[in-house]
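Numbering (my numbering), first residue to last: 121 to 235. These notes are about the structure you will find just below.
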Amino acid sequence: MAAYISFFSIVIVTPTLAKTPIGELQRGDNATISGQVIGISGDEFMLDDGTGQILVDTDDRELTNLSVGEQVTVIGEYDDDDFDAYSITRQDGSVINIRSDDDYDDDDDDDDDDN
Numbered sequence: 121m122a123a124y125i126s127f128f129s130i131v132i133v134t135p136t137l138a139k140t141p142i143g144e145l146q147r148g149d150n151a152t153i154s155g156q157v158i159g160i161s162g163d164e165f166m167l168d169d170g171t172g173q174i175l176v177d178t179d180d181r182e183l184t185n186l187s188v189g190e191q192v193t194v195i196g197e198y199d200d201d202d203f204d205a206y207s208i209t210r211q212d213g214s215v216i217n218i219r220s221d222d223d224y225d226d227d228d229d230d231d232d233d234d235n
């Protein structure tokens with residue numbers, strides 16, 4: 121009698137967006153950017169990656185609680201001269217979820233409901 125041994129491997133792959141240099145962002149782009157926080161004002165912070173700087177809008181300063189000098193990766197959309205953050209990943213790997221792409225689109229639609 122022959123014995124058969126079977127080995128199975130399960131690989132979980134999570135999709136990641138390629139990082140876009142800040143200097144190459146185009147308005148309307150959904151992108152992932154990384155860099156150093158160089159300034160904070162209210163619910164916005166300035167991010168520098170060596171190719172450029174951009175103002176990142178978080179909608180809630182209390183939620184993010186970032187520090188100048190911190191390295192972060194931000195997923196969001198470049199729109200109206202700032203970068204609207206959907207999530208921020210700290211250097212330690214912790215993720216701050218701010219809003220989904222759908223949430224942001226719904227905010228734009230709310231203005232139409234008043235008419």
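Glycine included, each C-beta is placed from N, C-alpha and C at the ideal position. This one's a predicted model, so the numbers in the text were calculated from it and none came from an experiment.
- Message: At the level of alpha carbons, what is the spacing between R219 and T209?
- Response: As a position in the sequence shown, residue 219 is number 99, starting the count at 1. As a position in the sequence shown, residue 209 is number 89, starting the count at 1. Using only the alpha carbons, I get a separation of about 13 Å.
- Is V176 buried or exposed, if buried means 16 or more other CB atoms sit within 10 Å of its CB? Here residue 176 refers to the residue found at position 56 of the sequence shown. Counting Cβ neighbours within 10 Å, V176 comes out buried, since at least 16 surround it.
- Message: Tell me the DSSP secondary structure of T140 in three-state form.
- Response: Against the sequence shown, residue 140 aligns to sequence position 20. Coil.
- Message: Any contact between the region 142-151 and the region 176-191? By contact I mean 3 or more CB pairs, one from each, below 8 Å.
- Response: no
- Item | Minimum C-alpha distance to S214 - residue among D199, M166, F203, L183 | The count along the sequence shown starts at 1 and reaches residue 214 at position 94. Minimum Cα distance to S214 is reached at L183.
- Query: Which residue comes first and which comes last in the alpha helix (DSSP H) that contains S181?
  - Reply: By one-based count along the sequence shown, residue 181 stands at place 61. The residue asked about is misnamed: residue 181 is Arg in this sequence, not Ser. Its alpha helix (DSSP H) spans residues 181-184.
- Query: Pick from D180, I153, P141: whose alpha carbon is nearest that of I160?
  - Reply: As a working mapping, residue 160 is identified with position 40 in the sequence shown. Closest by alpha carbon: D180.
- Message: Judging by CA-CA distance, which residue of A138, G162, D202 is the nearest neighbour of D168?
- Response: Walking along the sequence shown from the start, residue 168 turns up at place 48. Nearest of A138, G162, D202 to D168, Cα basis: D202.
- Item | Any alpha helix (DSSP H) of 4 or more consecutive residues that is wholly inside the region 156-195 | 181-184
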